[in-house]
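In the working numbering, the protein residues as written are 42 to 610.
The beta carbon of each residue, even a glycine, is placed where N, CA and C say it ideally should be.
All values derive from a computational prediction rather than experimental measurement.
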């Protein structure tokens, strides 16, 4: 550690076990600050001509008056030409302020001779708005608490210092600590994150030039590795910022996103949940974590979910608390685990699974009678949320295996004819011959997700289904296959994928191009075969030529399980 000798203005270097009692200066930078190079013997005379020399001289005088011979001042005690030294200093700075015998605050825009500490001039000082001075505010001053919003017990913990100070700070939720920095500014964009390293007891490399967003994401990644506090995800932003893009990651872009709580305070959860102490996987693509989620009521797209965060929100001095809720949208057809956050201007608050705030979200959840809509009990699920969300790449085609799955193997299927979009393949699967039909999307181009506005037919196959032990009962029918868009969701965000569909129709209707019944999802039919068994189509995924394709499987269901599904007799 490098310290300035107050009587002689000489720079001295000490190892950690030899550091003498020292004062430390908290200030905001101005023009003509005294640098490390300025205090070299060759330049010290010139340094006295700079405007910043008065600050150095007065700070040293204060230290000497209190019988402290050494002082640390960031402008001149760090050799900023060395990136390694700069990184070490920034990663150690919080500890240096913690261990200082005395912290001297220099408010360049406040005149102690004419203004009192209770004055507006004092409260509006630039010192209270800068990022780097935040870690220096852990000081026993009730007045400072009134200006910064930092709780009294955190500030007073610095009287005891060391372990007790750190324990009290760690007991404050991540979101509340972030909120202290929400309205602070720094000269360099990345410093908005780097100045918070000590607040969260984090060490990480400094990469000036990476930009504010990347620096803040790296900071949050490191915080996630050290805590299971989900208040990190309880942020919001003004609607004008939220409107800039429709899909968001789980991490905020800047500390400003934690400055919109009004009179609410985010706190660590008081009680244990099944998601407590779970591991979050951090990757360059996004986060994989366990969250409690429930489907959004009346969402016909079935893509919108509410996620309940494992933290509390409450007013100061109030014993009651609410649970933060964020809105997620499903981004992939084949699973419920791939999500993106939408409408980050909305941070919902819930009580006993009933969303009560904000009004916009509560209104969307209300029924026509004006009463609250009951939410399903949230279930814990593993969710992946990417940092950047794009439309999911569709599978490469649709494959149909000409067979009907029946528990008693009483059905067989044969193909009589097919539209030109279907290709026929025959191959071996082990020792068995495998036949399949494929619509290849390379050879039969499909619309982009945002271009598909209505159901689209991709191909038809005329099939014969033979039923019974002797296969004497036959059904001739056309299987129609296509793609369709999702229904619009309550928040109006675009879908990120389309869905495959299939239906059965009579051959003569297909010949006359009467497709209305299969294009309407509410009137698509199954095929009634043996007794109460109805043949229906279901879609899954399989790998073909190292790529995923939709796979269409025909299977039987009992009529009582169809629940409104229609069928051909």
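- Shown here for residue 100: same chain residues with a beta carbon closer than 7 Å to its own, the five before and five after excluded, namely 66, 112, 114, 145, 147 in chain order.
- In the structure shown, residue 526 falls within a coil segment according to DSSP collapsed to helix, strand and coil.
- Of the candidates 92, 139, 136, 75, the residue whose Cα lies closest to the Cα of residue 120 is 75.
- When secondary structure is reduced to three states using DSSP, residue 394 falls in the coil class, being assigned neither helix nor strand.
- About 6 Å separates the CB atoms of residue 594 and residue 446; that is less than 8 Å, so the two are in contact.
- Three or more beta-carbon pairs separated by less than 8 Å link the stretch 342 to 361 to the stretch 521 to 532, which places the two stretches in contact.
- Under the three-pair Cβ rule at 8 Å, the stretch 248 to 261 counts as touching the stretch 224 to 238.
- Secondary structure of residue 433 (DSSP, three-state): coil.
- Under the DSSP assignment, residue 582 falls in the beta strand (DSSP E) whose first and last residues are 574 to 585.
- No Cβ-Cβ contact shorter than 8 Å links residue 132 with residue 260.
- Around the CB of residue 272, 16 or more other CB atoms lie within 10 Å, so the residue is classed as buried.
- The three-state reading of DSSP puts residue 340 in coil, since its state is none of H, G, I, E or B.
- A Cβ-Cβ distance of about 14 Å is found for the pair residue 438 and residue 502, leaving them out of contact under the 8 Å criterion.
- Residue 285 sits exposed, since fewer than 16 C-beta atoms from the chains shown fall within 10 Å of its C-beta.
- When C-beta atoms of the stretch 414 to 427 are compared with those of the stretch 456 to 464, fewer than three pairs fall below 8 Å, so the two segments do not count as touching.
- In this structure, the alpha-carbon of residue 483 lies about 28 Å from that of residue 534.
- The DSSP-derived three-state label of residue 306 is strand.
- Residue 348 and residue 309 have their alpha carbons spaced roughly 17 Å apart.
- Taking residue 390 as reference, the option from 124, 306, 149 with the minimal CA-CA separation is 306.
- Look at residue 147 here: in three-state DSSP terms it is strand.
- In summary, residue 366 is buried, with 16 or more beta-carbon neighbours lying within 10 Å of its beta-carbon over all protein chains present.
- Secondary structure in the stretch 350 to 408: the alpha helix (DSSP H) runs of 4 residues or longer, each lying completely within the stretch, are 400 to 405 in chain order.
- Scanning 336, 223, 293 for the CA closest to the CA of residue 303 turns up 223.
- Annotation for residue 254: the continuous alpha helix (DSSP H) segment containing it runs 253 to 267.
- Of the candidates 485, 90, 436, 436 places its Cα closest to the Cα of residue 586.
- Cβ atoms of residue 377 and residue 384 stay farther apart than 8 Å, at about 19 Å.
- In this structure, DSSP gives residue 470 an extended state, which the three-state scheme calls strand.
- Each residue's CA atom was taken as its position, placing residue 558 and residue 495 some 14 Å apart.
- Annotation: the continuous alpha helix (DSSP H) that includes residue 135 extends over 124 to 140.
- Note on geometry: alpha-carbon atoms of residue 400 and residue 216 lie some 23 Å from one another.
- In this structure residue 352 touches residue 270 by the C-beta definition: roughly 7 Å separates them, less than 8 Å.
- A Cβ-Cβ separation of about 50 Å leaves residue 516 out of contact with residue 290 under the 8 Å criterion.
- Shortest Cα-Cα distance from residue 135 to any of 434, 427, 337, 210 involves 210.
- Closest option to residue 214, judged by alpha-carbon separation, among 388, 248, 355, 51: 355.
- Residue 60 and residue 164 have their C-alpha atoms roughly 34 Å apart.
- Residue environment for residue 70: exposed (fewer than 16 other C-beta atoms within 10 angstroms of its C-beta).
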